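Notes follow once the structure below has been shown.
Number of protein chains: 2
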Amino acid sequence: MNILVAGLGLIGASVAKALKKYTSHHVMGWNRTESVCIKALQDGAVDEIGTLDELIPKADITIINFYPDAIIPFIMDNKDKFKVDSIVTDSCGIKTKICRLLEKEKFNFTYIGAHPMAGREVSGYDNSLADLFSNASFICTPTNAPKAKIDTLVEVAKEMGFARTVVTTPEHHDEMIAFTSQIAHVLACSYVLSPLAPQHTGFSAGSYRDVSRVARINGEMWSKLFIDNKEPLINEIDDLVNNLLKFRTAIKEEDRAELESLMAQANKIKEEIG
Amino acid sequence: MNILVAGLGLIGASVAKALKKYTSHHVMGWNRTESVCIKALQDGAVDEIGTLDELIPKADITIINFYPDAIIPFIMDNKDKFKVDSIVTDSCGIKTKICRLLEKEKFNFTYIGAHPMAGREVSGYDNSLADLFSNASFICTPTNAPKAKIDTLVEVAKEMGFARTVVTTPEHHDEMIAFTSQIAHVLACSYVLSPLAPQHTGFSAGSYRDVSRVARINGEMWSKLFIDNKEPLINEIDDLVNNLLKFRTAIKEEDRAELESLMAQANKIKEEIG
Chain G
1 MNILVAGLGL
11 IGASVAKALK
21 KYTSHHVMGW
31 NRTESVCIKA
41 LQDGAVDEIG
51 TLDELIPKAD
61 ITIINFYPDA
71 IIPFIMDNKD
81 KFKVDSIVTD
91 SCGIKTKICR
101 LLEKEKFNFT
111 YIGAHPMAGR
121 EVSGYDNSLA
131 DLFSNASFIC
141 TPTNAPKAKI
151 DTLVEVAKEM
161 GFARTVVTTP
171 EHHDEMIAFT
181 SQIAHVLACS
191 YVLSPLAPQH
201 TGFSAGSYRD
211 VSRVARINGE
221 MWSKLFIDNK
231 EPLINEIDDL
241 VNNLLKFRTA
251 IKEEDRAELE
261 SLMAQANKIK
271 EEIG
Chain D
1001 MNILVAGLGL
1011 IGASVAKALK
1021 KYTSHHVMGW
1031 NRTESVCIKA
1041 LQDGAVDEIG
1051 TLDELIPKAD
1061 ITIINFYPDA
1071 IIPFIMDNKD
1081 KFKVDSIVTD
1091 SCGIKTKICR
1101 LLEKEKFNFT
1111 YIGAHPMAGR
1121 EVSGYDNSLA
1131 DLFSNASFIC
1141 TPTNAPKAKI
1151 DTLVEVAKEM
1161 GFARTVVTTP
1171 EHHDEMIAFT
1181 SQIAHVLACS
1191 YVLSPLAPQH
1201 TGFSAGSYRD
1211 VSRVARINGE
1221 MWSKLFIDNK
1231 EPLINEIDDL
1241 VNNLLKFRTA
1251 IKEEDRAELE
1261 SLMAQANKIK
1271 EEIG
């Protein structure tokens, strides 16, 4: 198949490199900044570059890797150029808002929302990796797509080396991502905003390092993702704050049994589920 | 020197193994459960085992590795047995309560509180490692100890392979540990207590893994540590909750500028300090 990777930042360029490394598909690349396209071609991360007008009509699958705001405009602007019966997908970290809006449109291609669940604390083409997805889940959230198209997309994800593929609803995706990813970033940031953080050197070990890692964050992108997933994320913040306040009360009242019970529950989840 | 390691759980046995691997001191081991002592001797983790009455009077340094509650009773019960002019230290994760109480006593040995800042999600002798401290800080919190004794203890820590040694007050230690370690454990537990945690498989990546890691916790020990460090830890919980609520408000009001500002501050701390 001809696969167009639009947007060659961290995720897009990693998608292109994974396709090149692990599949025999013809990989076309496009990026707003042309110098990145030229670099990707020189690196062998893509087989072909060109204008959108040249590349879009040839693509059996178009994978859009932009900031959340730019995905719907890109699809609507190019809706008459996509190849008939082709698949158009994206890698944006929230799905309900995008998928539920696009399912109302009549296209002669199939849109399937997706989320390759991987990232790094650094961004941009230069940090992309062919193996970024080797331990990651590929989640797709089709709404009105034919089964054959879903199967094709999932098959490509498997070829690319994703460890797991999950097909679910946009709403379930967003609720789970609020928990597994968004709140983890919110709490890592909230943690390092303590007035004591700047003095931590010499007093920190693995727990500080791990809990704070994802506070290295691209605020421009994540602020939009947080707002686009407002309700599920606020639910998670409320759950987290309530649990923190349970610890606070138990510590204040020196209620060792309650503290042990809270930690036993947490430990059980980590032991049983990981 | 003759060094007695009392308590051969995860930390104590790792101390013994590090002393054996990296120093030429004579290492004596004692543990309440005798089978552990025999195993340690067989493994070469210690050079000598015996009763407390046999070992304590010979020790130039005694390192106590018990649960927080058991440290002061152990020192008081044995106060007339410790060698004159010897050093007695412990590895407990909170220091103010223990050090400020012991400094009131008149001993013919020198007590210096210490905290070898390392741990694992697993506990017990069988999980101990000679290299547990190779990236760790050794923090000691002397109150009325002579400089020569502090220097001796710090020198042994350096020989054992600690990456850093820090000498500070018990109060500063406890405040910093509330931030770098205790609150990290509280928030990891609070995080996995979300009702969505049991469903996370397939939807989680590195951020879930890292933020939740230290929710594998020994609640029996940590509940005591939390209560013994009540005020600093409650301050940290309050700071964390306030920061989470700043995110909540900004998300609710769709205040992207505020979200970007919060994340830019967090990102700056991680970039500049780590």
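As given, the protein sequences belong to chains G and D, one line each in that order. At position 25 of the first sequence the residue is numbered 25 (our numbering), and the sequence of numbers has no breaks. Take any residue in the second sequence, note its place counting from 1, add 1000, and you have its number in our numbering. Where a beta carbon is used, it is the ideal one built from N, C-alpha and C, also for glycine. Quick caveat: nothing in here was measured; it's all calculated off a predicted structure.
By DSSP, does residue i sit in helix, in strand, or in coil?
i: G:Glu34; result: helix
i: D:Pro1116; result: strand
i: G:Tyr111; result: strand
i: D:Thr1096; result: helix
i: G:Met160; result: coil
i: G:His26; result: strand
i: G:Val84; result: coil
i: D:Ile1056; result: helix
i: G:Ser181; result: helix
i: D:Thr1169; result: coil
i: G:Val154; result: helix
i: D:Asp1126; result: helix
i: G:Thr51; result: coil
i: D:Ala1006; result: strand
i: D:Asp1090; result: strand
i: D:Ile1075; result: helix
i: G:Ser261; result: helix
i: D:Thr1062; result: strand
i: G:Phe133; result: coil
i: D:Thr1143; result: coil
Give me the residue from the options with the minimum Cα distance to residue i.
i: G:Arg284; options: D:Leu1245, D:Asp1238, D:Ile1064 and D:Asp1255; result: Nothing can be reported for residue 284 of chain G, as the shown portion of chain G is limited to 1 through 274.
i: G:Lys158; options: G:Glu121, G:Gln265 and G:Ile139; result: G:Ile139
i: G:Leu19; options: G:Ser134, G:Thr201 and G:Lys224; result: G:Ser134
i: G:Ala145; options: G:Glu272, G:Leu102, G:Gly161 and G:Val122; result: G:Leu102
i: G:Gln265; options: G:Glu253, G:Lys224 and G:Lys246; result: G:Lys246
i: D:Glu1048; options: D:Ala1006, D:Gly1161 and D:Asp1085; result: D:Ala1006
i: G:Arg216; options: G:Cys189, G:Lys39, G:Leu196 and G:Ile251; result: G:Cys189
i: D:Val1084; options: D:Pro1116, D:Asp1131, D:Phe1226 and D:Lys1058; result: D:Lys1058
i: D:Gly1202; options: G:Gly274, G:Met76 and G:Ala197; result: G:Gly274
i: G:Leu196; options: D:Val1027, D:Glu1236 and D:Thr1110; result: D:Glu1236
i: D:Val1241; options: G:Lys270, G:Ser204 and G:Ser194; result: G:Ser194
i: D:Asp1255; options: G:Leu41, G:Val27 and G:Gly219; result: G:Gly219
i: D:Asp1126; options: D:Ser1035, D:Ile1234, D:Pro1116 and D:Arg1100; result: D:Ser1035
i: G:Pro116; options: G:Tyr191, G:Ala163 and G:Thr23; result: G:Ala163
i: D:Ala1136; options: D:Gly1161, D:Met1176 and D:Thr1143; result: D:Gly1161
i: D:Gly1124; options: D:Leu1244, D:Lys1039, D:Met1028 and D:Arg1213; result: D:Lys1039
Rounded to whole angstroms, what is the Cα-Cα separation between residue i and residue j?
i: G:Met1; j: G:Glu155; result: 12 Å
i: D:Thr1051; j: D:Thr1180; result: 37 Å
i: D:Leu1129; j: G:Lys104; result: 59 Å
i: D:Lys1079; j: D:Phe1107; result: 7 Å
i: D:Val1166; j: D:Ile1183; result: 21 Å
i: D:Phe1082; j: D:Thr1033; result: 22 Å
i: G:Glu54; j: G:Lys268; result: 55 Å
i: D:Glu1231; j: G:Glu253; result: 12 Å
i: G:Thr96; j: G:Glu171; result: 6 Å
i: G:Ile61; j: G:Ile98; result: 18 Å
i: G:Ala45; j: G:Thr169; result: 32 Å
i: G:Phe226; j: D:Met1221; result: 37 Å
i: D:Leu1008; j: D:Lys1017; result: 10 Å
i: G:Asn229; j: D:Val1122; result: 36 Å
i: D:Gly1113; j: D:Ile1094; result: 9 Å
i: G:Leu41; j: G:Thr23; result: 17 Å
i: D:Ile1003; j: D:His1025; result: 7 Å
i: D:Pro1198; j: D:Arg1120; result: 23 Å
i: G:Ser223; j: D:Ala1118; result: 35 Å
i: D:Ala1178; j: D:Ile1072; result: 21 Å
i: G:Glu321; j: D:Arg1213; result: One cannot answer for residue 321 of chain G here, as it falls past the ends of chain G, which runs 1 to 274.
i: G:Met176; j: G:Ala70; result: 23 Å
i: D:Tyr1191; j: G:His200; result: 22 Å
i: G:Ala250; j: G:Val186; result: 24 Å
- Task: Could you tell me whether the stretch 1140 to 1150 of chain D touches the stretch 1004 to 1018 of chain D, using the rule of 3 or more Cβ pairs below 8 Å?
- Result: no
- Task: Give a yes or no on contact between the stretch 51 to 70 of chain G and the stretch 82 to 93 of chain G, applying the rule of three or more CB pairs nearer than 8 Å.
- Result: yes
- Task: Report yes or no: do three or more beta-carbon pairs, one from the stretch 1253 to 1261 of chain D and one from the stretch 1203 to 1214 of chain D, lie closer than 8 Å?
- Result: no
- Minimum length 4: unbroken alpha helix (DSSP H) runs contained in the stretch 1174 to 1222 of chain D: 1183 to 1192 and 1206 to 1212
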